[in-house]
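In my numbering, the protein residues as written are 244 to 569.
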Amino acid sequence: MGLIYEIESLAELRAYLLSAEDSEALREELFDEFLKYADYKNVSDWNKAVRLCEALAIIGWGGHEPLEAVRGTYFNGNPETFFLNRYSETRFVDAIWSKRVSGYTMEAGHTNFFASSDDQLHRPTVLQSYPVTEYVMEGCLASQRNWIAKNPIRIIRGLDNCYPSSRPVIDSVENVLQKALDQHMRPELYGEEINRIVITCSYSFYDNAHCKTNYVIADESLRLRPKDFYPKLLTMYSSEEIEREGYYLRNRFSIGPFRRDTGNIYVTIVLEREFSMMDYQEQREMLATYFRTVLERIAARQKGKLAYDFALMMSDFNRLLDKWLE
244 MGLIYEIESL AELRAYLLSA EDSEALREEL FDEFLKYADY KNVSDWNKAV RLCEALAIIG
304 WGGHEPLEAV RGTYFNGNPE TFFLNRYSET RFVDAIWSKR VSGYTMEAGH TNFFASSDDQ
364 LHRPTVLQSY PVTEYVMEGC LASQRNWIAK NPIRIIRGLD NCYPSSRPVI DSVENVLQKA
424 LDQHMRPELY GEEINRIVIT CSYSFYDNAH CKTNYVIADE SLRLRPKDFY PKLLTMYSSE
484 EIEREGYYLR NRFSIGPFRR DTGNIYVTIV LEREFSMMDY QEQREMLATY FRTVLERIAA
544 RQKGKLAYDF ALMMSDFNRL LDKWLE
């Protein structure tokens, strides 16, 4: 088992694991080891849990729930570590870390434990008050470099702010469409290279005279860059109008590059005030059109570059999107 922690290359780790004579016995040995470190207490424990998740992603989790070990960033900039299943549900320990002079330690009062059907101790979920002892340790907090099969399309919003008339459709995207995608997409059939296509929807809003953002959508043929937005906006409105109305010029779609190290592609869709003036069904239909557009553009851009079945992924997505629109 010690060799698992010594092999740095994922390719070498894969070759080592797949050469095992008894893969089922190895899988159970890896899983038993994972259970020891799922209740991690320090940097070393977490990094071992990450390596075990990488190994299990290669050899398979068998009858156990597949989990992905994620090193993220909390809102205050501190590291956060947690395990997610394919539905983005948290399992086992979820910790916020504090930086000390000599390393990192888990924060008391900001560490949770989430119940798991694989937990042999059958512990319940404990929020924030999960016991933590300060254990400062040097080193970097790792994040899993391969990933479990899961719905590749994640639709989120930037800020919580929006016009009230868009709240129902936002709730429907988050609670109906996203849930359907998580439950019914078939990621095992598409390929392994794409991890997530994260689509962020940025909505216009007006909270009060001092807190407002009304997006103006740029002509796509102009191919404007961020530095061009304000000068172009000044050709459309006076500075007084821009200030009074909270205008910001943006491209409708921003599609980032494919990140091979994370398997992620980040997309932003910007919605103007006029979008929120539409009725509920019109907003849903417009969003559906935008979702299809960005995914079709990604598929066209990556065609021939990735071993990924975009056609099947799009077919599944369109089927679920059409059902959402009914």
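Think of the CB as a built atom: it goes at the ideal place given N, C-alpha and C, for glycine as much as any other residue. This structure is a prediction, so every number in the text was calculated from the model and none was measured.
- Of all alpha-carbon atoms in ILE437, ARG502, THR456 and ILE440, the one lying nearest the alpha-carbon of TYR446 is that of THR456.
- Per DSSP, reduced to three states, the secondary structure at CYS296 is helical.
- Partner residues in the beta bridge of THR443, as assigned by DSSP, are ILE399 and THR511.
- Non-local C-beta neighbours of PRO395 in its own chain, meaning closer than 8 Å and more than five positions away in sequence, comprise MET428, PRO430, TYR433, ILE437, ASN438, ARG439, ILE440 and MET556, ordered along the chain.
- Counting only runs of at least 4 residues, the region 307 to 337 fully encloses no alpha helix (DSSP H) element at all.
- THR348 and PHE356 do not touch by the CB rule: their CB atoms are close to 17 Å apart, not below 8 Å.
- DSSP places GLY245 within a helical segment (H, G or I) once states are collapsed to three.
- When rounded, the separation of the alpha-carbon atoms in LYS393 and TYR259 is 25 Å.
- With a cutoff of 7 Å on beta-carbon distance, ALA298 and LEU273 are scored as near each other.
- Non-local beta-carbon contacts of LEU278 in its own chain, meaning distances under 8 Å to residues more than five positions away in sequence, involve ASP361, ASP362 and GLN363 in chain order.
- Secondary structure remark: continuous alpha helix (DSSP H) runs of at least 4 residues inside the region 341 to 416, in chain order: 410 to 415.
- Taken through DSSP and simplified to helix, strand or coil, ASP275 comes out as helix.
- Judged by DSSP in its simplified three-state form, ILE485 adopts helix.
- Taking a cut-off of 8 Å for Cβ pairs, the region 310 to 317 and the region 408 to 415 do not touch, as fewer than three such pairs fall below it.
- Taking each of GLU488, VAL344, GLY352 and LEU424 in turn and checking the Cα distance to VAL336, the smallest one comes out for GLY352.
- With respect to the 7 Å criterion, ARG388 and LEU253 are classified as neighbours on the basis of their beta carbons.
- With fewer than 16 other CB atoms across the displayed protein chains lying within 10 angstroms of its CB, THR532 is exposed.
- If you draw a straight line from the Cα of ASN561 to the Cα of ASN418, it is about 18 Å long.
- With fewer than 16 other Cβ atoms inside 10 Å of its own Cβ, THR478 counts as exposed.
- Per DSSP, reduced to three states, the secondary structure at LEU492 is strand.
- Apart from sequence neighbours up to five positions away, the residues of its chain that approach ILE541 with a beta-carbon distance below 7 Å are ILE440, ILE498 and ILE508, ordered along the chain.
- Following the DSSP letters along the chain, one finds THR536 inside the alpha helix (DSSP H) bounded by residues 523 to 545.
- Under the DSSP assignment, ASN561 falls in the alpha helix (DSSP H) whose first and last residues are 553 to 568.
- Within the same chain, Cβ atoms closer than 6 Å to the Cβ of ASN290 are found at ALA385, the five residues on either side in sequence being excluded.
- Close CB contacts of VAL286 within its chain, under the 7 Å cut and outside five residues either way in sequence, are with GLY346, TYR347, MET380, GLY382 and LEU384 (chain order).
- One thing to note: ARG329 has its Cβ no nearer than 7 Å to the Cβ of ILE301.
- In the three-state scheme derived from DSSP, where H, G and I count as helix and E and B as strand, ASN457 is classed as strand.
- Spatial neighbours of ASP552 in its own chain (CB-CB distance under 7 Å, excluding positions within 5 residues in sequence) are listed in chain order as LEU432, TYR433 and GLY434.
- With contacts defined by Cβ atoms closer than 7 Å, PHE325 and LEU310 do not form a contacting pair.
- Taking a contact as a CB-CB distance under 8 Å, the pair THR443 and VAL375 does not count as one, their CB atoms being some 32 Å apart.
- Annotated three-state conformation of ASN285 is coil, per DSSP.
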